[in-house]
Each structure stands twice: as C-alpha cells, then as structure tokens.
Amino acid sequence: TGGFVLHLETDCPLSADGQVLWANWTLSFNKIPFVCYDNDLQQFQPCGLGEFFPWNYTSVPISNWLDGQLPGQGQKAAAACLGQTHSLWGRTGERRTPPNVRIFPVTPRNTPAPIMLACVAWGFFPSEVDLSWWWNGALVKSGLGPPKISSNGDWTYQARLTLPVDPEKGGVYTCRVAHVSLTEAVTKDWGECPTAGVNYVAEFGSPGKIKTFATP
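Mapping of the sequence shown onto the working numbering: residues -4 to 211, in sequence order.
What follows is the structure in structure tokens.
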C-alpha cells in the first residue's frame, strides 16, 4: 500500500518596513513543489517536480486550468497578505519594547585590570541599541569595543558592553543605554568594589535570563 499528500502552501515575504513584496502560491506533491504561481509572468507554471518528465504531463494541464479558474491570483493573494500581516506586523515588527538594564562585575579577560564591569541590556526590540560607559560624568572612549548584540529567539534582543576598571581610581561608573523605545536614555551607576577575596562571575546568554553568583 502507498499514499501521497497534495498540499497548498502560501507565504508573504515582507520588506524591512513591513510592506508586502509579493505573495507565493505553491502546490506541492509529497512536500515537493509541483505547480507555482509566477508573480513576474502573472500565471501558474510547473515548478520543481512538475517541470520534469513524466510529471509535466500532469502539471501543465493543472497550471492551465488554474489560470482559467483563478485570474489575477497574484493581486488577490497580495491583497490577502496585506490584510493578514497588517495587525501581525503591528504586534511584532513595529512594536517598541524598552530594555532592562543592569551592571554586573565579571571575571576580567584579556586585560590587566583587576575588575571588569559588564553593562547588560535585555528584552528590547528592535535590535538597534546604543550602550556607552561614563566615569564621573565623562564619556569613556578607550578600552571599549562595540556592544555584543544577540537575538533571544523571541523577537527580543540582548546586548553587553564591558569595561576594565581600576579600583584605585574610585569614582562612579555609569552605563547609559539609548533605544528607540525610550523617551530618554536609561542610566545605571556602579560605585562599589567587589568584596576582597571573592570572584564575581556573570552568566550571560540565556534569553532574558542573567545570573550572578560568587565563588570563593
């Protein structure tokens, strides 16, 4: 005994600003494309499996039949896509979610400085964000690289910017985070030094979850 599956698949590619670029219409046989709608030619065409012998003996008449039954399919599909994606895009691509911000001491790496601070922002959308370090109100320009930004996989992002710190200098270190969701930048201050004899470690990377703990 045997069987087969014939299914219809439609999707709507969007531009970066949420505009519908075109609508894809694909008839598949056992998950292999068989007949597709060509947006340039504005007609149905054999595709994938349907382009090859002997499948084309079936895909060609099906394409011709669909052209007669579904005139203007491209425009209709694009209009349907627009109606379906408008509300979805407002809840996803166009939404503005502000970041959470904290400062953590982390184990120094690739630096002679005895202390390293990490400014962490997470849970924000869209991904563009600006992190900067300040010391006693002055922008810190040396010893910094670009923020490390990564996706959480749930339409939010996280970012981290580290700063080597010399405890002998004292003063107040401030992390400033600017994001399109904020009317003004968020600032967090750090004016403490880690307890002597304790190594502080921060785990960073789990979506929306940041842990700190101390080890002797």
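Heads up, the beta-carbon is just placed ideally off N, CA and C, and yes, glycines get one too.
Just so we're clear, the structure is a prediction, and the values are computed from it rather than from any experiment.
Below 8 Å between beta carbons: does that hold for residue i and residue j?
i      : j      : result
Leu77  : Tyr168 : no
Thr182 : Val101 : no
Arg86  : Cys114 : no
Phe99  : Thr151 : no
Gln40  : Cys31  : yes
Pro93  : His2   : no
Pro16  : Ser23  : The sequence given here has Leu at residue 16, not Pro. Not a contact, by the Cβ cut-off of 8 Å.
Val96  : Cys170 : yes
Gly69  : Asn34  : yes
Trp129 : Ala72  : no
According to DSSP, simplified to helix, strand and coil, what is residue i?
i      : result
Thr212 : Residue 212 falls outside the range modelled here, since the chain spans only -4 to 211, and no answer is possible.
Ala74  : helix
Asp125 : strand
Val96  : strand
Can you tell me whether residue i is buried or exposed, with buried defined as 16 or more other CB within 10 angstroms of its CB?
i      : result
Pro162 : exposed
Gln153 : buried
Phe29  : buried
Ile110 : buried
Ser127 : buried
Gly45  : buried
Ala74  : exposed
Gly133 : With the sequence shown as reference, residue 133 is identified as Ala, and Gly is not the correct amino acid for it. Exposed.
On the DSSP bridge list, what partners appear for residue i?
i      : result
Pro159 : Met111
Asp184 : Thr169
Between residue i and chain B, is the shortest Cβ-Cβ distance under 8 Å, so that the two count as touching?
i      : result
Ile144 : No chain B is part of this structure, which consists of one protein chain only.
Q: With a floor of 4 residues, list each alpha helix (DSSP H) that falls wholly inside the stretch 13 to 49, ordered by position along the chain.
A: none
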